[in-house]
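Report on the following structure.
Have a look at this one:
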């Protein structure tokens, strides 16, 4: 148990050759996670109407977002299997089928995710042997955690892993292991967010789903790199109960577990924002004093997604007018005359007017500080949020202006 | 009448020194338009909750968006008079008051607009003598039309003027003169859209407002440079009836007039998109086959505002996946399997799958063609729209990353 890997779980990451065609032979590109017993599973997915084949398969298997009896997840990078029609769906099902067969599992017990270029068919001729190899290689070595987390990377510069363990009131230890790939700005078409959380906690599917939705709303869904929603975003949480078979978590144990899941999710979301390539700054937009958390998020997102706000931050330009005016078009009613804005505690704007700050001094501060925290304080209620984002740079434009050709 | 200027209208543009502090002494920065008799007026304004003082004054005077008895408009560039609180409101009222006094008009008969940097107080010490000068200079020379249209420019590279004339069934000639300043990408904080249309047609305020709202929805509101909604957007239409005093337009005359207003508006909106600085391409996003025009606009806007779509266009990258996936997150329900996409008639995607186009060939075509027209065809209904936009370039980031400091 001291390896920090949840009991009953094994995994692997292999280089099967999906990336070979993009000039990266030998790069890890396929991962498999395997539980030695049936697990509860919950998922949250992209809200994009144009969603990828693997998302369709997961949604179907987790009808309503959760289910029981799952024993494997397979994921690959380099190709999103999105906008690929019937053939894409067949390929996704072939991937899960191959994993189930190779691991001796019942049909329908594997889940699947892909990330990469949209609109190209999966190279099944390399994926088939890749799945064989990955299933054979799956074990509990630290190197396998590293390999699996690297195999889902696209433009990420580093793997993203987070773990927690907690003691149950009955004495057993529960482990949570999470890994994610990020929304690196360099090529956000590939920058689908994939996050997989595995645990040996005993939790029923419905409860698992409720707590995953709640923690994702505050972490993975409070993250905006460029406002373009992917076709493949997937967060999966699987709990096989191996830490204490036959007796579900409840009461304080369940609360602690939910807290630990949210902490792992926050770690991974922060790692994604901190690894946004092309960006020079990690930016938090905090909103306070709103009626609802959802309204706070809507405002934070309008501010974080404005190219004018993002470019001003890149240029260390304390252009608070862009921030305040972005809040104004977010579609959420508020009293503008009661609005205040501060940057890392320095008040730039209050009661509908700018304060007498020294632009040169604030600009120097912006240049030297990372992360930057812009806080908008309203007087509408007591709800708020914290959204992770980044700046918009010439490097982002350069990297994204020539991607598929 | 052969000068193309509506009867009863005179105008001027002067350099009063607002731009002096930004290193542009002598640049035209204040315009006045004057009608020798009371006119009907209608306005449409920014929907931003954080709106500028001049917008507040116009809204109040045109309660509900229209009113009668107006005789002047004053507009200036270089300072938006936005986020300036009570003092900004007093300054805006002082501007209208000075115009009314200088032209011998009743109180409340002038309208006002500003464009420029947010959050700085107007330099009233130069604006006061500027208004005197502009009121004195107002006349009907072609040079005055040129001067007025130049005085409202900020980062526009050229003035934007459009005219139409039409004959009424009773024989008189009606003139429409429109001028606008654009959303140049170089510094869209200053890129408030201001459009002023003047006519000698006899039209009541309510009718004028209805037709202005309709034509603006299809022209000025079908325009997106970077998705950041200004605090100052203003479209005004004033009709003094001098072409045929005492007898309002109706029937076919009114229909022709509405058509001419829409044509002038479309000219000006196209000129704004075509002059988006930093951009290398004029881009039209057309949506067809939707249930409602508003839904079509919502989809077109999501596509046009995606930084991934904009950067791909800059790079001549036929990355249709970005366009299709942006449509998917617009918040409008549709059947993705029935969606088709073409670029200037070349089909890139249909029935949920990409077509077998040659990326290199399409990329060459994109490099050589301007404007680019991306058409999304849905199977939901018979409504559509055409939205004017542009690409996102490193130059845009450079120009916008150091603006106020």
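Protein chains in written order, with our numbering: chain A, 2 to 406; chain B, 2 to 406.
Here a beta-carbon is modelled for each residue, glycine too, at the ideal position from N, C-alpha and C.
Computed from a prediction, not measured in an experiment: that's the story for all the values here.
- Message: Tell me which residue opens and which closes the alpha helix (DSSP H) that residue 148/A is part of.
- Response: Residue numbering aside, residue 148/A sits at position 147 when the first chain is read from its first letter. Counting along the chain, the alpha helix (DSSP H) containing residue 148/A begins and ends at 143 to 152.
- Item | Chain-ordered neighbours of residue 335/B on chain A, where CB pairs are closer than 9 angstroms | Translated into the one-based positions of the second chain, residue 335/B becomes position 334. Chain A residues near residue 335/B: 50.
- Query: Can you name, in chain order, every residue of its own chain whose Cβ lies under 7 angstroms from the Cβ of residue 301/A, other than the five neighbours on each side?
  - Reply: Along the first chain, one-based indexing puts residue 301/A at 300. Excluding sequence neighbours, residue 301/A sits near 286, 288, 386 and 388.
- Query: Count the other CB atoms within 10 Å of the CB of residue 4/A; is the residue buried (16 or more) or exposed (fewer)?
  - Reply: Taking the first residue of the first chain as position 1, residue 4/A is located at position 3. Burial call: exposed.
- Within 10 angstroms of the Cβ of residue 240/A, are there 16 or more other Cβ atoms? Answer buried if so, exposed if not. Within the first chain, the letter at position 239 stands for residue 240/A. Burial call: buried.
- Message: Using 7 angstroms as the threshold, is the C-beta distance between residue 273/A and residue 183/A below it?
- Response: Translated into positions along the first chain, residue 273/A becomes position 272. Translated into positions along the first chain, residue 183/A becomes position 182. Yes, Cβ-Cβ distance for residue 273/A and residue 183/A is below 7 angstroms.
- Whose CA, out of 275/B, 291/B, 37/B and 177/B, lies closest to the CA of residue 380/B? As a working mapping, residue 380/B is identified with position 379 in the second chain. Proximity to residue 380/B across 275/B, 291/B, 37/B and 177/B peaks at 291/B, based on C-alpha coordinates.
- Message: At the 7 angstroms Cβ level, is residue 395/B part of the contact set with chain A, yes or no?
- Response: Along the second chain, one-based indexing puts residue 395/B at 394. For residue 395/B, the answer is yes, since a Cβ of chain A falls inside 7 angstroms of its Cβ.
- Task: Give the single residue among 266/A, 40/A, 259/A and 369/A whose Cα lies nearest to the Cα of residue 195/A.
- Result: Counting from 1 along the first chain, the entry for residue 195/A is found at position 194. Out of 266/A, 40/A, 259/A and 369/A, 266/A has the C-alpha closest to the C-alpha of residue 195/A.
- Item | Within-7 angstroms CB hit, residue 222/A to chain B | Within the first chain, the letter at position 221 stands for residue 222/A. Judged by the 7 angstroms Cβ criterion, residue 222/A is not in contact with chain B.
- Query: Cα-Cα, which of 153/B, 234/B and 67/B is closest to residue 221/B?
  - Reply: Residue mapping note: residue 221/B aligns to position 220 of the second chain, counting from 1. Nearest of 153/B, 234/B and 67/B to residue 221/B, Cα basis: 234/B.
- Query: Going by the beta-carbon positions, is the gap between residue 250/A and residue 202/A smaller than 7 angstroms?
  - Reply: Within the first chain, numbered from 1, the residue matching residue 250/A stands at position 249. Within the first chain, numbered from 1, the residue matching residue 202/A stands at position 201. Cβ atoms of residue 250/A and residue 202/A: closer than 7 angstroms.
- Item | chain A residues whose Cβ lies nearer than 9 angstroms to that of residue 236/B | Numbered from 1 along the second chain, position 235 holds the residue referred to as residue 236/B. Neighbours of residue 236/B on chain A: none; closest Cβ ~17 angstroms, over 9 angstroms.
- Query: Are residue 139/B and residue 31/B touching if we call contact CB-CB under 7 angstroms?
  - Reply: In the second chain, residue 139/B corresponds to position 138, counting from 1. In the second chain, residue 31/B corresponds to position 30, counting from 1. Result no, Cβ atoms of residue 139/B and residue 31/B do not sit closer than 7 angstroms.
- List, in order along the chain, the chain B residues whose C-beta lies closer than 9 angstroms to that of residue 19/A? Against the first chain, residue 19/A aligns to sequence position 18. Annotation: residue 19/A has no Cβ neighbours in chain B at a cutoff of 9 angstroms; minimum Cβ distance is about 17 angstroms.
- Going by Cα to Cα distance, which pick from 392/A, 216/A and 43/A is closest to residue 199/A? Taking the first residue of the first chain as position 1, residue 199/A is located at position 198. Of the listed residues, the one whose Cα sits closest to residue 199/A is 43/A.
- Query: How close, in whole Å, do the beta carbons of residue 340/B and residue 332/B come, if the pair is a contact with beta carbons under 8 angstroms?
  - Reply: Your numbering for residue 340/B matches position 339 in the second chain. Your numbering for residue 332/B matches position 331 in the second chain. The pair is not a contact, with the Cβ atoms about 16 angstroms apart (cut-off 8 angstroms).
- Query: Counting contacts by CB-CB distance shorter than 7 angstroms, is residue 128/B in contact with chain A?
  - Reply: Here residue 128/B corresponds to residue number 127 of the second chain, with the count starting at 1. Answer no: the Cβ-Cβ gap between residue 128/B and chain A never drops below 7 angstroms.
- Min CB distance residue 84/B to chain A below 7 angstroms: Within the second chain, the letter at position 83 stands for residue 84/B. So, interface residue.
- Taking just the CA atoms, how far does residue 131/B sit from residue 16/B? Translated into positions along the second chain, residue 16/B becomes position 15. Translated into positions along the second chain, residue 131/B becomes position 130. If you take the alpha carbons of residue 16/B and residue 131/B, they lie about 7 angstroms apart.
- Task: Kindly indicate which residue of 106/A, 322/A and 295/A has the alpha-carbon position closest to the one of residue 1/A.
- Result: The structure shown does not extend to residue 1/A, since chain A spans only 2 to 406, so no value can be given for it.
- Query: In the stretch 274 to 285 of chain B, which residues sit with their C-beta less than 8 angstroms from some C-beta in chain A, listed in chain order?
  - Reply: none
- Query: Within the 7 angstroms Cβ cut-off, does residue 193/B reach chain A?
  - Reply: Taking the first residue of the second chain as 1, we reach residue 193/B at position 192. False, the Cβ-Cβ gap to chain A never drops below 7 angstroms.
- Message: Below 7 angstroms on C-beta distance, what does residue 312/B contact in chain A?
- Response: Along the second chain, read from residue 1 onward, the residue named residue 312/B stands at position 311. Result: 398, 401 and 402.
- Task: Go ahead and pull the three-state DSSP assignment for residue 313/A.
- Result: On the first chain, residue 313/A is found 312 positions in, with the first residue counted as 1. Reduced to three states, the DSSP call for residue 313/A is helix.
- So, is the C-beta of residue 325/A closer than 7 angstroms to a C-beta in chain B? Position 324 of the first chain, counted from the start, is the residue given in the question as residue 325/A. Chain B, which has a Cβ nearer than 7 angstroms to the Cβ of residue 325/A, makes this yes.
- Query: Near residue 7/B, what residues of its chain come up, given a Cβ to Cβ distance below 6 angstroms and the 5 sequence neighbours on each side ignored?
  - Reply: As a working mapping, residue 7/B is identified with position 6 in the second chain. Same-chain partners within the cutoff: 176, 178, 199, 200 and 201.
- Of all the CB atoms in chain A, is at least one closer than 7 angstroms to the CB of residue 290/B? Residue numbering aside, residue 290/B sits at position 289 when the second chain is read from its first letter. By this cut-off, residue 290/B is not an interface position.
- Message: Please return the same chain residues whose Cβ sits closer than 7 angstroms to the Cβ of residue 28/A, not counting the five positions on each side in sequence.
- Response: Against the first chain, residue 28/A aligns to sequence position 27. The answer, listed in chain order, is 16 and 20.
- Starting from residue 34/A, find everything on chain B with Cβ-Cβ shorter than 9 angstroms and list it in chain order. As a first step, residue 34/A must be located in the first chain, where it is residue number 33. Under the 9 angstroms cutoff, chain B gives no residues; its nearest Cβ is about 27 angstroms from residue 34/A.
- Along the chain, which unbroken stretches of the beta strand (DSSP E) at least 3 residues long are found entirely within the stretch 30 to 78 of chain A? 31 to 46
- Message: For residue 355/B, would you say it is in contact with chain A, using Cβ-to-Cβ distances shorter than 7 angstroms as the test?
- Response: On the second chain, position 354 is the one that residue 355/B refers to. It does; some Cβ of chain A falls within 7 angstroms.
- Message: I'd like to check one pair, residue 264/B with residue 151/B: are the Cβ atoms closer than 7 angstroms?
- Response: On the second chain, residue 151/B is found 150 positions in, with the first residue counted as 1. On the second chain, residue 264/B is found 263 positions in, with the first residue counted as 1. No, Cβ-Cβ distance for residue 151/B and residue 264/B is not below 7 angstroms.
- Quick one: give me the first and last residue of the alpha helix (DSSP H) that residue 397/B is part of. Walking along the second chain from the start, residue 397/B turns up at place 396. Unbroken alpha helix (DSSP H) run through residue 397/B: 395 to 401.
- Query: List, in order along the chain, the chain B residues whose C-beta lies closer than 8 angstroms to that of residue 92/A?
  - Reply: Sequence index remark: in the first chain, residue 92/A carries index 91 (1-based). Those do not exist, as residue 92/A stays about 13 angstroms from chain B at its closest Cβ, beyond 8 angstroms.
- Message: Would residue 101/B and residue 111/B be called neighbours here (beta carbons separated by less than 7 angstroms)?
- Response: Your numbering for residue 101/B matches position 100 in the second chain. Your numbering for residue 111/B matches position 110 in the second chain. Cβ distance < 7 angstroms, so residue 101/B and residue 111/B count as in contact.
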